[in-house]
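>
In UniProt numbering, the protein residues as written are 1 to 92.
1. Return yes when the Cβ of residue 13 is within less than 7 Å of the Cβ of residue 57, no when it is not.
2. Pick out the complete beta strand (DSSP E) segments inside the UniProt domain "GIY-YIG" (8-84), 3 residues or longer, and give them in chain order.
3. Determine whether the beta carbon atoms of residue 59 and residue 11 lie at a separation below 7 Å.
4. Is residue 73 closer than 7 Å to residue 25 when the C-beta atoms are compared?
5. Would residue 34 be called buried (16 or more neighbouring beta carbons within 10 Å of its own) or exposed?
6. Compare the Cα-Cα distances from residue 62 to each of 16, 29, 18, 20 and report the closest residue.
7. Between the C-alpha atoms of residue 38 and residue 46, what's the straight-line distance to the nearest angstrom?
8. Mind reading off the beta-carbon distance from residue 68 to residue 23? Whole number of angstroms is fine, and I expect it under 8 Å.
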């Protein structure tokens, strides 16, 4: 069943921490606001690796589709695959 939370566009985003040489994938309706949050939050996984840069954004028609793409990227556990997505060599 689709709820108001799952309706409307949502984006997959990939962040990069140059300092830690690490990627992070997530979803948000506003990835630029989310980037600001990751760079300012006091606690949590992403707070350890600041500053983050937004390297990739792809909008999906719904939150559910964006979640599927995020799950796919995270399931690879592969830096090479993530980099292929960023470069546009691989579609999710």
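Just so it is clear, CB atoms sit at the ideal spot from N, CA and C, and this is done for glycine as well.
Reading from the atomic positions:
1. yes
2. Entirely contained in the UniProt domain "GIY-YIG" (8-84), the beta strand (DSSP E) runs reaching 3 residues are, in chain order, 10-17, 22-28, 53-60.
3. Contact: yes.
4. yes
5. It is buried - the Cβ of residue 34 has at least 16 other Cβ atoms within 10 Å.
6. 29
7. 6 Å
8. Not a contact, Cβ separation roughly 19 Å.
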